[in-house]
Amino acid sequence: MPEVNTEKIFASFLLSVEQVTSIDEFNDLEKEYLGKNSLISEERKKLSSMSEISRKKYGKVLQELSTQISERLNQERLSFQSKFFKEKELKDNKDITINWYKDLGSREHVLTSVMNEVVDIFSAIGYTVATGPEAETSWHNFDALNTPDWHPARYESDTLYLDENLEQLLRTQTSTVQVRHMQNNKPPVYIVAPGRVYRSDQLDATHSPVFHQIEGLAVDENLTFSDLKGTLEYFVQEFFGKEIKTKFIPHFFPFTEPSAEVLVSWKDGEWLEILGCGMVDPNVFQHVGYDKNSQGFAFGVGVERLAMIRYKIDHIKNFYENDLRFLRQF
Ligand code: DAH
1317 MPEVNTEKIF
1327 ASFLLSVEQV
1337 TSIDEFNDLE
1347 KEYLGKNSLI
1357 SEERKKLSSM
1367 SEISRKKYGK
1377 VLQELSTQIS
1387 ERLNQERLSF
1397 QSKFFKEKEL
1407 KDNKDITINW
1417 YKDLGSREHV
1427 LTSVMNEVVD
1437 IFSAIGYTVA
1447 TGPEAETSWH
1457 NFDALNTPDW
1467 HPARYESDTL
1477 YLDENLEQLL
1487 RTQTSTVQVR
1497 HMQNNKPPVY
1507 IVAPGRVYRS
1517 DQLDATHSPV
1527 FHQIEGLAVD
1537 ENLTFSDLKG
1547 TLEYFVQEFF
1557 GKEIKTKFIP
1567 HFFPFTEPSA
1577 EVLVSWKDGE
1587 WLEILGCGMV
1597 DPNVFQHVGY
1607 DKNSQGFAFG
1617 VGVERLAMIR
1627 YKIDHIKNFY
1637 ENDLRFLRQF
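Counting from 1317, one number per residue, gives the positions in the sequence shown under our numbering.
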């Protein structure tokens, strides 16, 4: 039987495949070893003139050889292609240090994350979020909140008015949301209202004409000053940690009676004011259409203040300058 030496053929194929340098050469090799004029095809032509036994045997030998070659060829072609494209990619993107998918942002501003954190602390004890407009009426910002006509906060030197009649203004406090919420909802009320407020203040280390507050309001049967104190102590400890000390000192706010300021003592022992609070004044209940004998407490927290104390930030302007070196720290 005129058998070819399959091992030799396969060895010579391997030798050729190793030297391939382009996709075209793979096609040429395929033609050479498996095509119409290949040795294997020539040998196949001889099968018909062989005896049945020899035909079967030799046919199988040729088939095995052609499978072996074609499998190896495909395998080599695939790995050549992937290597080829990888190299091409590297060559085309000359600066391979550019990471196109680098995460450049989507980071919360530190004030947003502090506000969200405070909201979370209160939602954990059943408070929901309420909002209100930043452009307000003087009635919502002052009258409804029991602020007398002569109160200095009403002066144009303190408040940014939007009209000559001093009826529209940029809200100076988120306490306006208390008014709006009570007008539209019956007790029980447990809300926090985060938002931006405006004052005619010069920028200094701790004051800015625009800043953020979170208002809180609870109205329910039998709420007392102890509930207010317990709630705010819980908040302060959740936010600053269990080791923090709090102090309530008497203060005056037109919309609460009695009123207090809460101070916290941070590591160095200095007392810093973080919020105002008190029992809602009956006049406020009356203005919003509630029963004058309703019981409730309210508080207003300065967001910048919280962040400055916690992160030891020495100037309020850092929050607004958008210096990424500052913002990326949080
Ligand atoms: N609105 C006050 C301010 O801007 C803060 C405040 C004090 C809010 C006492 C309250 C409160 O709800 O009861 O200074």
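Every residue gets a Cβ at the ideal spot worked out from N, C-alpha and C, and that includes glycine.
Shortest Cα-Cα distance from GLN1645 to any of VAL1552, ARG1423, THR1547 involves ARG1423.
C-alpha of PRO1574 to C-alpha of VAL1580: approximately 20 Å in a straight line.
In this structure, DSSP gives ALA1327 a helical state, which the three-state scheme calls helix.
Distances from the CA of LEU1544 to each of TYR1506, PRO1570, GLN1529 were compared; the closest alpha carbon is that of TYR1506.
Put simply, the backbone Cα of GLY1618 is about 10 Å away from that of MET1624.
The region 1331-1347 and the region 1389-1396 touch, with three or more beta-carbon pairs separated by less than 8 Å. Here ILE1441 is exposed, its C-beta having fewer than 16 other C-beta atoms within 10 Å.
The three-state reading of DSSP puts LEU1591 in strand, counting E and B together.
Under the three-state reduction of DSSP output, ALA1623 falls in the helix class.
Look at SER1516: its beta carbon is at least 8 Å from all of the heavy atoms in the ligand DAH.
With a cut-off of 8 Å, the C-beta of SER1429 is classified as distant from the ligand DAH, since no heavy atom of the ligand falls inside that distance.
Around the C-beta of GLN1518, fewer than 16 other C-beta atoms lie within 10 Å, and the residue is accordingly described as exposed. In the DSSP assignment, GLU1403 falls within the alpha helix (DSSP H) that extends over 1368-1408.
DSSP places GLN1494 in the helix class (H, G or I) of the three-state scheme. Taking all protein chains in view, the Cβ of GLY1605 is surrounded by fewer than 16 other Cβ atoms within 10 Å, so the residue is classified as exposed.
Between ILE1325 and LEU1406, the gap from beta carbon to beta carbon reaches 9 Å or more. In this structure GLY1585 is exposed. Its beta-carbon is surrounded by fewer than 16 other beta-carbon atoms within 10 angstroms. C-alpha of PHE1556 to C-alpha of SER1524: approximately 24 Å in a straight line. Counting C-beta pairs closer than 8 Å gives fewer than three between the region 1486-1494 and the region 1426-1445, which falls short of the contact rule. When Cβ pairs closer than 8 Å are counted between the two stretches, the region 1586-1597 is seen to touch the region 1558-1575, the count reaching three or more. Using a 10 angstroms sphere on the CB of GLU1620, the tally of other CB atoms reaches 16 or more, which defines it as buried. Sequence-distant partners of GLN1397 (beyond 5 residues in either direction) whose C-beta falls short of 8 Å from its own C-beta, in its chain, are ILE1339. Around the CB of SER1365, fewer than 16 other CB atoms lie within 10 Å, so the residue is classed as exposed. By the CB criterion at 9 Å, TYR1443 and VAL1508 fall inside the cutoff.
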